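Below: one structure, written as structure tokens.
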Amino acid sequence: MSVPSATRTPAGTAAPAVTPRTAAARRTRRRALGTLALLVLVLAACAASIAIGTRPLAPGTVWEVLTDRSLRTEEAVIVWDLRVPRTALGLMVGASLGVAGALMQGHTRNPLGDPGLLGVTAGASFAVVLAIALLGVATPAGYVWFAFAGALAGTVAVYLLGAAGRGGATPVTLALAGSTLSALLYALVRAILVSDSNSLDAFRFWVVGALAGRGADIAWQVLPFIVAGLVLALVNAPALDLLGMGEDVARGLGQRVWLARAVGLVAITLLAGAATAACGPIAFVGLVVPHAVRSFTGPAHRWLVPCAAMAGALLLLTADVVGRVIARPGEVQVGIVLALLGGPFFIALVRRKRSATL
Amino acid sequence: MTTHLSAGHAPPTAPAGPPPRVRLAAEGLRLAYDDRVVVDGLDLALTDGSFTAIVGPNGCGKSTLLRALGRLLRPAAGQVVLDGRSIARTPTREVARVLGLLPQTPVAPSGLTVADLVARGRHPHQSWLRQWSSDDEAVVTEALAWTDMADLGDRPVDELSGGQRQRAWISMALAQETDLILLDEPTTYLDLSHQIDVLELVARLHAERGRTVVVVLHDLNLAARYAQRLVAMRDGALVASGTPHEVLTEELLADVFDLEARVVPDPVAGTPMVVPVRRLPR
Ligand SMILES: Nc1ncnc2c1ncn2[C@@H]1O[C@H](COP(=O)(O)OP(=O)(O)O)[C@@H](O)[C@H]1O
Ligand SMILES: [Mg+2]
């Protein structure tokens, strides 16, 4: 083949050795600063969550109790048995919901993607209502395994339904199957509740979503699933970057799409399932957090996923602390606070940024 | 500019050597979506260093064929052979190191910068053990410079003009460093001067970088100008294949495109040029 008598300089020789990448450096700095700020804020939220409660304790007392484990005062019990486990659970569940949301939005390429879309919440709700109505289970620790089993069963059912079509499971068929199954399960939940007012009482405390009344036992129960889910999410991050350009481009770049989808689906189920099992359905975190984080990380999932974990934890802990102080001596469940905070926050975010496209 | 225009029509430079090796071949290919067969019994061989344009009416199966050649679509029958090995039995990543593909209208996630897009072209060369290296960085920088995108590296892809966007994607394909590149209608939605701009870039991929190029094109005149070989399709079948002079005849235009047309020499490049007269009833 004839090589042209090049009118342009041949490639390679004329390429500038170093392109000034100042904007890239700026972006990296913004990401790093954002990550650092999140880290500091999460630590502050943890401190606040331990220091502030429905029962006012002086910061000095809290510090004393934290540093001296031999104390057996009433304050020590409050801090160690209530606030610390509650804070740990808030961290874990908030991180799970934030990351599950980021994965869901990444896989569906849908900015309104929410982990609930996969039938996780509906499955868990249905299982909990069955546990209450048929087996008389009545404590959060008792609900956990039912909720978790329901979340898993819900996702598997959604997956089987979504894959039944001839094209196999795609994000679209999964979302359709998820909405359909959720509608069905919620109808069944309501049918049970309508006919059984005792179940209704127990269920309505579960369904608003709360960190209150969950002890360390629940945190330990869901911890392994959350850790596994977070690890899988990190593994999934590079694949999500490729899938963001469409399945064809991703496959063209050597990504095994089915594998990436499978890893993502398992991670979402573990994270959202464990979170729902521990605290009941908590909306908004999975939806809002990835949006907020994307504004400084950009679409790169290796930044987005860890930052969504921190931001999710931050949001949940903050909302929980707010719920403890706005209605003293009582408290408002975190699920309700989030719904009240999350709505306006989301609207502001959408108005401020063109973040509605992925 | 005229230099590579003549590439396809220059006499073979090395007539004594063995015939060029076949890199990618379709053998008895049948392609179907569910039960609907779109392409049936198609054979095609693409030799090393060739520049082929696939032409044909809308919906005749060009994209479908290209996706099968790129291992994005599993054939219902027959096979695609890449370097002598069935592509279906070659791992995705291995294929991605040899063959790059740009789909018809690729969409970048919002906010993704040109440099990051091009960097993603390095994915097939990376692994858990071998993450981003200075090699990758050098290839990306060079790909950006070679496609004239260095100054736009920090701009979000979704804020570029259509022509720049297409350059960015071609830059990504270049950074993938594959011997073969398949492009599906890279000039659609571009005005004429940007079509030329993109095709010049593709021609340089072929001439300067020695890539084996397959490109689906709508514009027959541009296809004839830039490609060495035209492949004409209709209703999922390969109707004609050969040099632009062999393929772009008045009979073929009537057969394949239902078009009555004159074919005259292109005053600039000397390649066949189609001047439409009217559409023929089918
Ligand atoms: N994903 C799909 N599912 C079902 N049919 C499809 C799909 N993609 C393309 N087709 C059909 O296959 C035929 C060939 O399409 P395509 O290869 O895109 O044509 P071209 O690229 O030549 O315009 C068309 O009739 C089209 O409707
Ligand atoms: Mg097409």
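Those sequence lines, one after another, are chains W and P. The opening residue of the first sequence carries number 1 in full-length UniProt numbering; numbering runs sequentially from there. The opening residue of the second sequence carries number 1 in full-length UniProt numbering; numbering runs sequentially from there. By construction, the Cβ of each residue, glycine as well, lies at the ideal position given by its N, Cα and C atoms. Just so it is clear, the structure is predicted and the values come from calculations on it, not from any experiment.
With 16 other Cβ atoms within 10 Å as the buried cut-off, status of residue i
i                      : result
residue 382 of chain W : In the structure as shown, chain W starts at 1 and stops at 358, and residue 382 of chain W therefore has no counterpart that could be examined.
Val275 of chain P      : exposed
Val305 of chain W      : buried
Arg294 of chain W      : buried
Val231 of chain W      : exposed
Ala269 of chain P      : buried
Pro103 of chain P      : buried
Pro10 of chain W       : With a pLDDT of 41 at Pro10 of chain W, under the threshold of 50, the modelled position of that residue is not reliable, and the figure given next carries that caveat. Pro10 of chain W should be labelled exposed.
Pro344 of chain W      : exposed
Trp128 of chain P      : exposed
Pro326 of chain W      : The sequence shown places Ile at residue 326 of chain W, rather than the Pro named in the question. Exposed: under 16 other Cβ atoms inside 10 Å.
Met273 of chain P      : buried
Thr139 of chain W      : exposed
Tyr33 of chain P       : exposed
Pro267 of chain P      : exposed
Glu74 of chain W       : exposed
Pro91 of chain P       : exposed
Glu142 of chain P      : buried
Asp68 of chain W       : exposed
Thr28 of chain W       : exposed
Residue i and residue j closer than 7 angstroms at C-beta
i                 : j                 : result
Ala261 of chain P : Val277 of chain P : yes
Asp43 of chain P  : Pro20 of chain P  : no
Val198 of chain P : Thr187 of chain P : yes
His123 of chain P : Leu200 of chain W : no
Gly178 of chain W : Gly119 of chain W : yes
Ala124 of chain W : Gly150 of chain W : yes
Val257 of chain W : Phe346 of chain W : no
Asp219 of chain P : Cys60 of chain P  : no
Leu152 of chain W : Gly335 of chain W : no
Pro115 of chain W : Gly215 of chain W : no
Ala48 of chain W  : Pro59 of chain W  : no
Gly163 of chain P : His194 of chain P : yes
Ile268 of chain W : Leu103 of chain W : yes
Asp179 of chain P : Val98 of chain P  : yes
Ile132 of chain W : Phe203 of chain W : yes
Leu271 of chain W : Val62 of chain W  : no
Leu97 of chain W  : Gly312 of chain W : yes
Leu185 of chain W : Ala122 of chain W : yes
Selection from the options that minimises the alpha carbon distance to residue i
i                 : options                                   : result
Val322 of chain W : W:Cys46, W:Gly34 and W:Leu33              : W:Cys46
Ala212 of chain W : W:Ala37, W:Leu39 and W:Gly53              : W:Gly53
Val107 of chain P : W:Ile268, W:Ala348, W:Val325 and W:Asp248 : W:Asp248
His107 of chain W : W:Val293, W:Thr297, W:Ala283 and W:Leu259 : W:Leu259
Val80 of chain P  : P:Val140, P:Gly28, P:Thr212 and P:Arg165  : P:Gly28
Asp255 of chain P : P:Asp266, P:Thr243, P:Val264 and P:Leu238 : P:Leu238
Trp145 of chain W : W:Phe225, W:Ala250 and W:Val334           : W:Phe225
Pro265 of chain P : P:Phe257, P:Leu259 and P:Thr249           : P:Thr249
Ser171 of chain P : P:Val216, P:Ser161 and P:Asp148           : P:Asp148
Leu174 of chain P : P:His194, P:Ala138 and P:Leu252           : P:Ala138
Pro244 of chain P : P:Val140, P:Pro281, P:Arg36 and P:Thr52   : P:Thr52
Leu33 of chain W  : W:Ala313, W:Gly342, W:Cys307 and W:Gly246 : W:Cys307
Ala115 of chain P : W:Arg328, W:Ala339, W:Leu270 and W:Ala300 : W:Ala300
Asn58 of chain P  : P:Asp184, P:Leu117, P:Asp135 and P:Arg229 : P:Asp184
Asp191 of chain P : P:Leu252, P:Gly121 and P:Leu222           : P:Leu222
Asp83 of chain P  : P:Arg167, P:Arg130, P:Thr113 and P:Arg23  : P:Arg23
Leu338 of chain W : W:Arg351, W:Val350 and W:Thr318           : W:Thr318
Thr212 of chain P : P:Ala45, P:Ser63 and P:Arg30              : P:Ala45
Gly154 of chain W : W:Gly165, W:Ala127, W:Val137 and W:Pro171 : W:Ala127
Val118 of chain P : P:Ala227, P:Trp169 and P:Val216           : P:Trp169
Arg36 of chain P  : P:Ala76, P:Gly70, P:Leu72 and P:Leu69     : P:Ala76
Residue i Cβ short of 6 angstroms to ligand 3 heavy atom set
i                 : result
Gln228 of chain P : Annotation note on ligand 3: not contained in the displayed structure, which lists ligand 1 and ligand 2 as its ligands.
* Taking Cβ-Cβ distances below 7 angstroms as the criterion, which residues of the segment 221-253 of chain W are in contact with chain P? -> The segment 221-253 of chain W vs chain P, Cβ under 7 angstroms: Asp241, Leu242, Gly244, Met245, Gly246, Asp248, Val249, Arg251, Gly252 and Leu253.
* Complete runs of the alpha helix (DSSP H) confined to the segment 70-110 of chain P [at least 4 residues] -> Those alpha helix (DSSP H) runs which fall completely within the segment 70-110 of chain P and span 4+ residues are 92-98.
* Asked: Enumerated in chain order, which unbroken segments of the alpha helix (DSSP H) with a length of 4 residues or greater are wholly contained in the segment 200-278 of chain W?
  -> Qualifying alpha helix (DSSP H) stretches, in chain order: 216-243 and 247-252.
* To do: Give, in chain order, every residue of the segment 255-273 of chain W whose Cβ lies closer than 8 angstroms to some Cβ of chain B.
  => Going by chain labels, chain B is absent from the structure shown, which instead holds the protein chains W and P.
* **Continuous beta strand (DSSP E) assignments of at least 3 residues falling wholly in the segment 36-83 of chain W** => Listed in chain order, nothing qualifies, since the segment 36-83 of chain W has no complete beta strand (DSSP E) run of 3 or more residues.
* Asked: Along the segment 223-248 of chain P, what residues have a CB closer than 7 angstroms to any CB found in chain W?
  -> The segment 223-248 of chain P vs chain W, Cβ under 7 angstroms: nothing.
* Asked: Between the segment 278-311 of chain W and chain P, which residues of the former have CB atoms less than 8 angstroms from a CB of the latter, in chain order?
  -> Listed by position along the chain: Arg294, Gly298, Pro299 and Ala300.
* Asked: Which residues, in order along the segment 123-143 of chain P, keep a beta-carbon less than 7 angstroms from a beta-carbon of chain W?
  -> Answer in chain order: His123, Pro124, Thr141 and Glu142.
* Closer than 8 angstroms, Cβ to any Cβ of chain W: which residues of the segment 58-75 of chain P, in chain order? -> Listed in sequence order: Arg67, Gly70, Arg71 and Leu72.
* Return the residues of the segment 144-166 of chain P that lie within a Cβ-Cβ distance of less than 9 angstroms from chain W, sorted by chain order. => Those residues of the segment 144-166 of chain P placed with their C-beta closer than 9 angstroms to a C-beta in chain W are Leu144, Ala145, Trp146, Ala150, Asp151, Gly153, Asp154, Arg155, Pro156 and Asp158, ordered along the chain.
* Asked: In chain order, what residues of the segment 86-99 of chain P put their CB closer than 9 angstroms to some CB of chain W?
  -> Answer set for the segment 86-99 of chain P: Pro91, Thr92, Arg93, Glu94, Val95, Ala96, Arg97 and Leu99.
* Continuous beta strand (DSSP E) assignments of at least 3 residues falling wholly in the segment 108-167 of chain P -> The beta strand (DSSP E) runs of length 3 or more contained entirely in the segment 108-167 of chain P do not exist; there are none.
* What residues from the segment 107-118 of chain P come within 9 angstroms of chain W, judged by C-beta to C-beta, listed N to C? -> Contacts with chain W (Cβ-Cβ distance below 9 angstroms) from the segment 107-118 of chain P involve Val107, Ala108, Pro109, Ser110, Gly111, Leu112, Thr113, Ala115, Asp116 and Leu117, listed in chain order.
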